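Take a look at the structure set out below.
Encoded structure:
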């Protein structure tokens with residue numbers, strides 16, 4: 053297999069230089085055997101029809117056509133339940149491995165897809181622009197072991213997101229199935245040129261190809277992953293983890309959540325795909341003994357408005373609910389439930405800054421100095437992780 057052909061599979065791959073003038077110290081308890089898997093719900097998932105305040109009469113009043121009937125809601129408490137498409141996640145809830153973080157957001161929310169996901173990727177303030185992703189800064193702070201094939205792997209999307217912008221060894225696999233078939237056949241080229249600029253480019257490409265080809269793959273999982281790019285991406289992540297070549301973090305995206313019209317069928321399909329994929333991932337990592345050392349976290353650029361629109365859909369909103377799951381997660385409801393009687397301009401008011409979740413991951417999961425990586429201190433979410 054030729055190097056150029058192989059590199060086409062590595063869409064947004066980067067081995068990036070360090071940010072000048074930045075120096076952070078890691079806490080001594082860093083544990084890089086613990087894994088982080090990010091699930092981006094691209095387009096902005098409708099949190100109100102995902103984790104449903106079914107006992108609140110305002111819910112049905114705001115959504116007369118989108119309301120999930122009470123007899124279909126998967127009740128978790130007397131007030132809160134899940135969309136019926138999320139049935140595969142019920143065993144995790146009952147086992148205390150699924151946490152629901154309500155009211156995640158940030159001050160002065162931006163409703164642009166591009167800008168808001170940039171805020172979530174960089175952990176910036178609404179009016180602040182940062183080049184480096186929040187995990188890129190953390191990895192510059194405390195690099196994962198050099199023996200790892202990569203610091204981070206993004207599957208199915210060329211965008212590096214939270215891994216972009218500083219000295220992180222990140223690999224983006226745009227075609228995971230083809231990569232699985234061809235990763236072992238790359239032959240790195242010899243660099244023969246007197247042109248310093250071209251020599252540098254060829255060296256970077258060679259380093260990328262070398263790192264990607266060193267991602268050892270475990271056995272094909274027995275679990276039933278959903279068909280399509282998202283399921284293939286999770287399967288690739290599971291196989292890379294099973295192969296033991298080493299990576300600290302992964303990102304997989306599930307697209308299609310920008311449901312401005314005809315939401316019910318699309319949303320149910322997407323949530324079903326999400327739930328089936330996460331359940332299959334958990335089963336696979338349980339089989340390989342890695343589930344207890346794995347933390348899975350969903351995120352998106354924003355939620356949806358509380359009131360349905362005229363096209364049987366929902367428009368861009370603000371605060372949202374996200375999932376955190378894993379073998380060391382203390383399951384339950386966290387954060388601030390939606391207050392449908394206290395909307396601001398038709399939108400939910402956030403109750404927990406999303407960077408509090410990041411701080412919890414950095415400090416309580418990996419033992420890193422969250423305040424330095426995020427630029428300042430954010431209150432962590434108590435009781436989320438064991």
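In our numbering, the protein residues as written are 53 to 438. Ideal placement from N, C-alpha and C gives every residue a C-beta, glycine not left out. Remember, predicted model here, so these are calculated numbers, not experimental data.
Problem - CA nearest to the CA of residue 181, picked from 196, 151 and 162 - result: Start at 1 with the first residue of the chain shown, and residue 181 comes out as number 129. Comparing Cα positions, the closest option is 162.
Practice task
Compare the Cα-Cα distances from residue 428 to each of 414, 435, 438 and 436 and report the closest residue.
Solution key: As a working mapping, residue 428 is identified with position 376 in the chain shown. The option with the nearest alpha carbon to residue 428 is 414.
Exercise for the section: Let me know the secondary structure DSSP gives residue 253 once reduced to three states. Expected result: Within the chain shown, numbered from 1, the residue matching residue 253 stands at position 201. Low confidence applies to residue 253: its pLDDT is 47, below 50, so where it sits in the model is not reliable, and the reading given next is rough at best. If DSSP states are grouped into helix, strand and coil, residue 253 belongs with the helices.
Problem - Buried versus exposed call for residue 80 [16 or more other C-beta atoms within 10 Å across all chains shown] - result: Start at 1 with the first residue of the chain shown, and residue 80 comes out as number 28. Below a pLDDT of 50, predicted positions are generally treated as unreliable, and residue 80, at 41, falls in that range; the measurement from the model is reported next regardless. Exposed is the call here.
Practice task
Taking residue 295 as part of the alpha helix (DSSP H), name the residues at either end of that continuous run.
Solution key: Reading the chain shown from its first residue, position 243 is the one you call residue 295. 281-295 is the span of the alpha helix (DSSP H), which, as asked, contains residue 295.
Exercise for the section: Leaving aside the five residues before and after residue 85 along the sequence, list all residues of the same chain whose C-beta is less than 8 Å from its C-beta, in chain order. Expected result: As a working mapping, residue 85 is identified with position 33 in the chain shown. Result list for residue 85: 345, in chain order.
Practice task
Please name the residue in 121, 343 and 187 whose C-alpha comes closest to that of residue 220.
Solution key: Counting from 1 along the chain shown, the entry for residue 220 is found at position 168. Among 121, 343 and 187, the Cα nearest to that of residue 220 belongs to 187.
Handout entry: Per-residue burial, residue 349 [other beta carbons within 10 Å of its own, 16 or more giving buried]
Key = By 1-based counting over the chain shown, the position of residue 349 is 297. Under this definition residue 349 is a buried residue.
Problem - Every unbroken beta strand (DSSP E) within the stretch 297-343, with a cutoff of 3 residues, ordered by chain - result: 301-307
Practice task
Give a yes or no on contact between the stretch 293-301 and the stretch 196-204, applying the rule of three or more CB pairs nearer than 8 Å.
Solution key: yes
Handout entry: Completely contained beta strand (DSSP E) runs for the stretch 143-198, where each covers 3 or more residues
Key = 150-157
Problem - With 16 other Cβ atoms within 10 Å as the buried cut-off, status of residue 363 - result: As a first step, residue 363 must be located in the chain shown, where it is residue number 311. Label assigned to residue 363: exposed.
Exercise for the section: Could you tell me whether the stretch 89-106 touches the stretch 308-327, where touching means 3 or more Cβ pairs closer than 8 Å? Expected result: yes
Handout entry: Residue closest to residue 357, alpha-carbon to alpha-carbon, out of 129, 292, 391 and 270
Key = The residue given as residue 357 occupies position 305 in the chain shown. When only C-alpha atoms are compared, the closest one is 391.
Handout entry: Reduced DSSP secondary structure (H/G/I, E/B, other) of residue 73
Key = On the chain shown, residue 73 is found 21 positions in, with the first residue counted as 1. Residue confidence for residue 73 is low, a pLDDT of 31 falling below 50, so the modelled location carries little weight; the figure read from the coordinates is stated next. In the structure shown, residue 73 sits in coil (DSSP, three-state: anything other than H, G, I, E or B).
Handout entry: Under 8 Å between C-beta atoms of residue 327 and residue 97
Key = Against the chain shown, residue 327 aligns to sequence position 275. Against the chain shown, residue 97 aligns to sequence position 45. The answer is no: Cβ separation not under 8 Å.
Problem - Nonlocal neighbours in the same chain, by C-beta distance under 6 Å from residue 107, ignoring five residues either side - result: Within the chain shown, numbered from 1, the residue matching residue 107 stands at position 55. Result list for residue 107: 131, in chain order.
Exercise for the section: Reducing DSSP to helix, strand and coil, say where residue 405 ends up. Expected result: Within the chain shown, numbered from 1, the residue matching residue 405 stands at position 353. Residue 405 falls in the strand class under three-state DSSP.
Practice task
Taking residue 370 and residue 154 to be in contact with their CB atoms under 8 Å, please state how far apart those CB atoms are, rounded to whole angstroms.
Solution key: Walking along the chain shown from the start, residue 370 turns up at place 318. Walking along the chain shown from the start, residue 154 turns up at place 102. That belief does not hold up - the Cβ atoms of residue 370 and residue 154 are roughly 13 Å apart, past 8 Å.
Handout entry: Proximity winner among 436, 337, 310 and 284, relative to residue 366 (alpha-carbon distances)
Key = What you label residue 366 is simply residue 314 of the chain shown in a count that begins at 1. Closest option to residue 366, Cα to Cα, is 310.
Exercise for the section: Report yes if the CB atom of residue 333 is closer than 8 Å to the CB atom of residue 288, and no otherwise. Expected result: Locating residue 333 in the chain shown gives position 281, counting from the first residue. Locating residue 288 in the chain shown gives position 236, counting from the first residue. For residue 333 and residue 288, no; Cβs fall outside 8 Å.
Handout entry: residue 406 vs residue 212 beta-carbon contact at 8 Å
Key = Position 354 of the chain shown holds residue 406. Position 160 of the chain shown holds residue 212. It is not a contact, given that the beta carbons lie outside the stated cut-off.
Problem - Residue interval of the alpha helix (DSSP H) (run including residue 426) - result: Locating residue 426 in the chain shown gives position 374, counting from the first residue. That run of the alpha helix (DSSP H) goes 422-426.
Exercise for the section: Identify which residue in 402, 223, 384 and 185 has its Cα closest to the Cα of residue 214. Expected result: The count along the chain shown starts at 1 and reaches residue 214 at position 162. Ranking 402, 223, 384 and 185 by Cα distance to residue 214 puts 185 first.
Handout entry: residue 362 in three-state terms, based on DSSP
Key = Sequence index remark: in the chain shown, residue 362 carries index 310 (1-based). It is coil, neither helix nor strand.
Problem - Proximal residues to residue 305 (C-beta, below 7 Å), its chain only, five neighbours per side dropped - result: Numbered from its first residue, the chain shown carries residue 305 at position 253. Contacts found: 92, 94, 208 and 209.
Handout entry: Simplified DSSP assignment, three categories, for residue 412
Key = Your numbering for residue 412 matches position 360 in the chain shown. Residue 412 falls in the helix class under three-state DSSP.
Handout entry: Helix, strand or coil at residue 397 [DSSP, three-state]
Key = Numbered from 1 along the chain shown, position 345 holds the residue referred to as residue 397. In the structure shown, residue 397 sits in coil (DSSP, three-state: anything other than H, G, I, E or B).
Practice task
Give the DSSP-derived three-state secondary structure of residue 351 in the structure shown.
Solution key: Counting from 1 along the chain shown, the entry for residue 351 is found at position 299. In this structure, residue 351 counts as strand in the three-state DSSP scheme.
Handout entry: Alpha-carbon to alpha-carbon, residue 437 and residue 416
Key = Mapped onto the chain shown, residue 416 falls at position 364. Mapped onto the chain shown, residue 437 falls at position 385. Rounded to whole angstroms, residue 416 to residue 437 spans 7 Å at the Cα level.
Exercise for the section: Go to residue 225, then tell me how far its alpha helix (DSSP H) extends in each direction, as first and last residue. Expected result: For the purposes of this step, residue 225 is identified with residue 173 of the chain shown, where counting begins at 1. Residue 225 -> not in any alpha helix (DSSP H); beta strand (DSSP E) instead, spanning 221-225.
Handout entry: Start-to-end residues for the beta strand (DSSP E) that takes in residue 88
Key = The sequence position of residue 88 within the chain shown is 36, counting from 1. Element bounds for residue 88: 87-94.
Problem - Three-state class that DSSP yields for residue 127 in the structure shown - result: As a position in the chain shown, residue 127 is number 75, starting the count at 1. Correct three-state label for residue 127: strand.
Handout entry: Anticipated Cβ contact below 8 Å, residue 269 with residue 285, distance rounded
Key = Here the question's residue 269 lines up with position 217 in the chain shown. Here the question's residue 285 lines up with position 233 in the chain shown. Wrong, their Cβ atoms sit about 14 Å apart, outside the cutoff.
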